[in-house]
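Protein chains in written order, with our numbering: chain A, 1 to 252; chain B, 253 to 493.
For reference, the structure discussed in these notes is given below.
Right, dumping it as structure tokens:
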């Protein structure tokens with residue numbers, strides 16, 4: 001992409017965000033109610049809560065849960081996906097399990113985890129991971145099915161050991177699939193984490209949302225929600241996209 | 253008891269190799285194919301497309317172990333260096349890292365082999381930025397870099413334009429003089445066979461067998477146009493018999 005077209009794109013997208021905020025502000029002014037604050041009120045509330053209140057603390061706690069669930073589901077899901085993609089037999093046998101777990105509502109896993117293990121941190125992380133593992137596994141299975149047979153033969157004929165075959169031949173072919181499941185994973189996981197917090201934790205964004213819901217404080221509900229959206233978008237821009245660019249640097 | 257020089261000989265015996273078709277029918281592909289290759293010798297296996305040449309190479313390389321027979325590589329060198337028909341370089345590794353992956357990390361050895369194939373300026377280049385001819389040379393360098401007991405080459409110069417193919421054949425001739433690897437080269441191009449071979453084996457029939465054998469006395473580097481024309485004529489006579 002050329003520089004001018006990047007600039008055009010940024011201008012268009014920036015303009016589109018401004019229009020959305022404008023519509024929201026107009027709606028808020030027409031409604032003239034504390035139940036629909038203006039964008040300015042929300043962002044002032046966010047800044048105040050960040051400076052004087054507990055926003056950063058809860059943000060940190062939630063981020064840690066998202067991070068833990070993300071890594072657990074990513075590693076286990078990748079292992080399951082590669083194994084099922086490489087073995088026809090295992091894939092046939094365990095495909096119904098995958099379909100089953102994929103269709104269990106997040107709320108059910110969360111409730112069951114809390115009932116069985118108690119309202120503890122491990123139960124919360126477990127419930128979120130369990131929701132995401134099947135998604136990762138399915139994406140990675142697709143990747144493992146498309147592994148290049150020619151390159152695998154090359155690796156075999158040059159007697160590459162298992163470690164080299166995995167890290168230099170197999171995994172690089174899976175990077176695009178990993179990037180896809182990382183992105184969709186982040187988006188899904190943080191939403192489930194909020195539910196987990198609302199139902200059984202005494203801190204984190206989800207807990208705060210619950211608190212402000214009881215107070216009917218829409219300004220703070222939106223302030224917390226937007227704070228976290230900003231954090232997730234920052235991770236996407238500053239971590240996921242640069243990593244993706246790095247692993248794709250060999251492409252033309 | 254091994255006599256002197258026995259360990260310097262590569263002995264390949266394929267008694268029987270079959271393929272099972274999707275319908276369950278078993279088709280014999282190779283039968284009683286025996287190759288004895290001396291150290292430093294260049295043996296070309298000539299056969300038409302689809303006669304089982306690549307199958308033979310895959311058996312030798314250990315990619316397919318479902319056959320009756322034996323493969324003895326002797327005690328020299330490190331296994332098989334395979335130059336595939338397509339380069340099969342890892343696109344996410346630079347040329348240099350592709351070589352490093354299969355062998356030791358000896359910088360000097362890598363530099364000298366890249367120099368030998370004329371890629372001294374392409375150490376840090378990614379394979380998809382190379383032309384097909386260059387990628388083929390990189391694949392040759394990779395196979396040479398492991399100092400193989402046997403270098404096997406599967407029609408490595410097909411689908412190149414004639415100029416590039418001639419240049420690569422000349423390059424290979426130089427490398428054969430310099431490194432003296434033991435080579436099994438597979439082709440369906442008779443000109444290529446007589447240019448490179450010390451000995452040509454003609455694979456024919458179904459299941460394929462070694463039908464004829466032709467040995468050339470003039471060293472590769474001094475074979476002029478007349479010698480090559482004569483060799484090609486002899487090869488054709490054998491083929492049409």
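Every residue gets a Cβ at the ideal spot worked out from N, C-alpha and C, and that includes glycine.
As the structure is a prediction and not an experimental result, all values here were calculated from the model.
| If we ignore side chains and look at the alpha-carbon of each, how far apart do residue 267 of chain B and residue 304 of chain B end up? | Position 15 of the second chain holds residue 267 of chain B. Position 52 of the second chain holds residue 304 of chain B. Between residue 267 of chain B and residue 304 of chain B, the C-alpha separation is close to 14 Å.
| request: Could you please tell me which residues of the region 138–166 of chain A, in chain order, have their CB closer than 8 Å to any CB of chain B? | output: 150, 151, 153, 154, 156, 157, 158, 159, 160 and 164
| field | Extent of the continuous beta strand (DSSP E) to which residue 51 of chain A belongs | value | As a working note, residue 51 of chain A is residue 51 in the first chain. No beta strand (DSSP E) holds residue 51 of chain A; the alpha helix (DSSP H) holding it covers 39–51.
| query | By DSSP, does residue 379 of chain B sit in helix, in strand, or in coil? | reply | To locate residue 379 of chain B, count along the second chain from 1; it is residue 127. Three-state DSSP puts residue 379 of chain B in a helix.
| Those runs of the beta strand (DSSP E) which lie wholly inside the region 254–328 of chain B and span at least 3 residues | 261–272, 278–290, 294–298 and 320–324
| request: Using DSSP bridges, identify the partner residues of residue 333 of chain B. | output: Position 81 of the second chain holds residue 333 of chain B. In the DSSP output, where bridge partners are listed per residue, residue 333 of chain B has B/403.
| query | Helix, strand or coil for residue 468 of chain B per DSSP? | reply | What you label residue 468 of chain B is simply residue 216 of the second chain in a count that begins at 1. The answer is coil: DSSP assigns residue 468 of chain B none of H, G, I, E or B.
| task | Kindly say whether residue 407 of chain B, judged by its beta-carbon, lies nearer than 8 Å to any beta-carbon of chain A. | result | Here the question's residue 407 of chain B lines up with position 155 in the second chain. So no, residue 407 of chain B is outside the interface.
| task | Compute the distance between the beta-carbons of residue 140 of chain A and residue 82 of chain A, then report whether it is under 8 Å. | result | Taking the first residue of the first chain as 1, we reach residue 140 of chain A at position 140. Taking the first residue of the first chain as 1, we reach residue 82 of chain A at position 82. A contact, by the Cβ cut-off of 8 Å.
| query | So does residue 324 of chain B have its beta carbon nearer than 7 Å to some heavy atom of the ligand GTP? | reply | You won't find the ligand GTP in this model; it holds no ligand whatsoever.
| In its own chain, which residues sit with a C-beta less than 6 Å from the C-beta of residue 403 of chain B, not counting the 5 before and 5 after it? | If you number the second chain from 1, residue 403 of chain B lands on position 151. Contacts found: 333, 395, 433 and 435.
| If we count the other Cβ atoms within 10 Å of its Cβ and call it buried at 16 or more, is residue 208 of chain A buried or exposed? | Locating residue 208 of chain A in the first chain gives position 208, where the first residue counts as 1. That one is buried.
| said: So with CB distances below 9 Å, who are the chain B contacts of residue 253 of chain A? | reply: What the structure shows of chain A is the stretch from 1 to 252, and residue 253 of chain A is not part of that stretch, so it cannot be assessed.
| task | Can you give me the start and stop residues for the beta strand (DSSP E) that residue 34 of chain A sits inside? | result | For the purposes of this step, residue 34 of chain A is taken as residue 34 along the first chain, with counting starting at 1. It is not in any beta strand (DSSP E) - residue 34 of chain A carries neither H nor E in the DSSP assignment.
| query | Under 9 Å Cβ-Cβ, which residues of chain B neighbour residue 172 of chain A? | reply | Here residue 172 of chain A refers to the residue found at position 172 of the first chain. Those are 342, 343, 344 and 345, listed as they occur along chain B.
| said: So if DSSP puts residue 461 of chain B in a beta bridge, which residue, or which two residues, is it bridged to? | reply: On the second chain, position 209 is the one that residue 461 of chain B refers to. Beta-bridge pairing links residue 461 of chain B to B/456.
| task | Could you tell me whether the Cβ atoms of residue 417 of chain B and residue 299 of chain B are closer together than 8 Å? | result | Locating residue 417 of chain B in the second chain gives position 165, counting from the first residue. Locating residue 299 of chain B in the second chain gives position 47, counting from the first residue. For residue 417 of chain B and residue 299 of chain B, no; Cβs fall outside 8 Å.
| 8 Å Cβ cut-off: residues of chain A touching residue 315 of chain B | Reading the second chain from its first residue, position 63 is the one you call residue 315 of chain B. Here the neighbours are 153, 156 and 157.
| message | So residue 347 of chain B and residue 390 of chain B are supposed to be a Cβ contact under 8 Å. How far apart are they, rounded? | response | Sequence index remark: in the second chain, residue 347 of chain B carries index 95 (1-based). Sequence index remark: in the second chain, residue 390 of chain B carries index 138 (1-based). Indeed they touch by this definition, with Cβ atoms about 5 Å apart.
| said: I'd like to know whether the C-beta atoms of residue 169 of chain A and residue 151 of chain A end up nearer to each other than 8 Å. | reply: Along the first chain, one-based indexing puts residue 169 of chain A at 169. Along the first chain, one-based indexing puts residue 151 of chain A at 151. Yes, these two residues count as a Cβ contact at 8 Å.
| Got a sec? Which residues, its chain only, sit under 6 Å from residue 228 of chain A by beta carbon, not counting five neighbours each side? | In the first chain, counting from the first residue as 1, residue 228 of chain A sits at position 228. Closer than 6 Å at Cβ, skipping near neighbours: 205.
| said: Which residues in chain A have a C-beta closer than 9 Å to the C-beta of residue 332 of chain B? List them in chain order. | reply: To locate residue 332 of chain B, count along the second chain from 1; it is residue 80. Going along chain A in sequence order, the residues near residue 332 of chain B (Cβ under 9 Å) are 157, 158 and 159.
| query | Could you check where the alpha helix (DSSP H) with residue 437 of chain B kicks off and where it finishes? | reply | On the second chain, position 185 is the one that residue 437 of chain B refers to. Looking at the DSSP string, residue 437 of chain B is not in any alpha helix (DSSP H); the run it does join, the beta strand (DSSP E), is 435–439.
| Opening and closing residue of the alpha helix (DSSP H) in which residue 154 of chain A lies | If you number the first chain from 1, residue 154 of chain A lands on position 154. Its alpha helix (DSSP H) spans residues 149–157.
| request: Return the chain-ordered ranges of every alpha helix (DSSP H) run that is complete within the region 105–140 of chain A and spans a minimum of 4 residues. | output: As far as the region 105–140 of chain A is concerned, its whole alpha helix (DSSP H) runs of at least 4 residues are 106–117.
| Which whole-angstrom value describes the C-beta separation of residue 445 of chain B and residue 296 of chain B, a residue pair presumed to lie in contact below a C-beta threshold of 8 Å? | Taking the second chain and counting its residues from 1, one reaches residue 445 of chain B at position 193. Taking the second chain and counting its residues from 1, one reaches residue 296 of chain B at position 44. With 8 Å as the limit, residue 445 of chain B and residue 296 of chain B qualify as a contact, their Cβ atoms being about 5 Å apart.
| request: Take residue 283 of chain B as the anchor and find which of B/322, B/330 and B/438 has the nearest alpha-carbon. | output: Residue 283 of chain B sits at position 31 when you count from the first residue of the second chain. Nearest C-alpha to residue 283 of chain B: B/322.
| Secondary structure of residue 451 of chain B, DSSP reduced to three states | Here residue 451 of chain B refers to the residue found at position 199 of the second chain. Strand, per DSSP.
| In chain order, which alpha helix (DSSP H) runs of at least 4 residues are fully inside the region 221–249 of chain A? | 241–247
| said: So that I know if they touch, is there some Cβ in chain A lying closer than 8 Å to that of residue 454 of chain B? | reply: Counted from its first residue, the second chain places residue 454 of chain B at position 202. Residue 454 of chain B does not count as touching chain A.
| task | Could you say which of B/487, B/469, B/491 and B/490 lies nearest to residue 293 of chain B if we only look at CA atoms? | result | Position 41 of the second chain holds residue 293 of chain B. Taking only the C-alpha atoms, the option nearest residue 293 of chain B is B/469.
| query | Where does residue 255 of chain A fall in DSSP's three states? | reply | Past the edges of chain A, shown from 1 to 252, lies residue 255 of chain A, and the structure says nothing about it.
| task | Taking only the alpha-carbon atoms, compute the straight-line gap between residue 372 of chain B and residue 458 of chain B and give it to the nearest angstrom. | result | Within the second chain, numbered from 1, the residue matching residue 372 of chain B stands at position 120. Within the second chain, numbered from 1, the residue matching residue 458 of chain B stands at position 206. The straight-line gap separating the alpha-carbon atoms of residue 372 of chain B and residue 458 of chain B is approximately 44 Å.
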